[in-house]
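In case it helps, the numbering used here puts the sequence shown at residues 37 to 275. First the structure, in the form of structure tokens, and then the observations on it.
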Amino acid sequence: MGLLQLGPIGLLPPSAASQGIFQPEKGSGYQLVEGEHVPEDEAIKTAAQKLLTLRNPTLFPGPMIVWGWTDETIHKAELIMDLVREVPGMNVIPMPDYRPIYPKIDAEAVINPCHPNLTIQHNKIHTCVFIGVHCHFANITLKMIRANTNCYTMAFCQYDGHEDALLSIRDIDGAKIIKITQAIKDAKKDGVEPWALTPKGKAELEEIAAGKAERAKTTKDNVSLFMGDLAQGLDENSE
């Protein structure tokens, strides 16, 4: 394991920067893997291995790619979905629109950030990819995940990358997404068995599919809103 340790670390893990971990220089040909600078091809090969072999690989696309506001964004979204299709059983869970609402803020709705660690624990995700997530939100989220889960986080960032991810690919563009997708194809040809095709993976995915099918049967006529009667609260106007 490199300088950056896989979680769960605890309530307040030290930031990667406080441990002396920083991104490689732009154009250096290096990327960041577990806190260490490695050649880009090695980082891409590691990303492919993690996506294929760890439990419930999941893509978390953020607003900058979900919105599709430019031709480049739309192209990247198409390429990243090509990547998803190469990883058997890979999930896609879009990030919420986490922008503050100005000038009026509904404090009850937006005062608390999204809790990605709970999403990851609930879905038993052991590796995930961030793409199109605003850097300020990704920085907070990656720390929360490392603090409370054993998820191997990967950040595909179009800017400087994220040292708090276990694997960070900076200056991500269409060509690099294609290289990662090809690395996944090559790994499968070389005999790497995807988690989803193992007996445990197949059983878990079948269980998940059955649960989704059961929930799909729910209608407004047969849903149970409460499991039991609500207890009567205190009446402030009572004597």
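Using N, Cα and C, we set each Cβ at its ideal position, and we do this for glycine too.
- Rounded to whole angstroms, the separation of the alpha carbons of ALA79 and ASP209 is 15 angstroms.
- DSSP links VAL69 through a beta bridge to GLU72 and LEU203.
- Where THR189 is concerned, the enclosing beta strand (DSSP E) starts and stops at 188-192.
- Rounded to the nearest angstrom, the Cβ distance from GLY125 to ALA232 is 3 angstroms, consistent with a contact under 8 angstroms.
- Proximity to PRO50 across ASP133, LYS221 and LYS179 peaks at LYS179, based on C-alpha coordinates.
- Straight across, the Cα-Cα distance linking LYS215 with LYS81 is about 9 angstroms.
- Residue state for ASN127 is assigned as strand, using DSSP reduced to three classes.
- With respect to the 9 angstroms criterion, ILE101 and THR109 are classified as neighbours on the basis of their beta carbons.
- Here the segment 157-169 lies against the segment 185-195, with 3 or more beta-carbon pairs under 8 angstroms apart.
- With contacts defined as CB atoms closer than 9 angstroms, ILE161 and THR234 fail to qualify as a contacting pair.
- C-alpha of VAL228 to C-alpha of GLN85: approximately 8 angstroms in a straight line.
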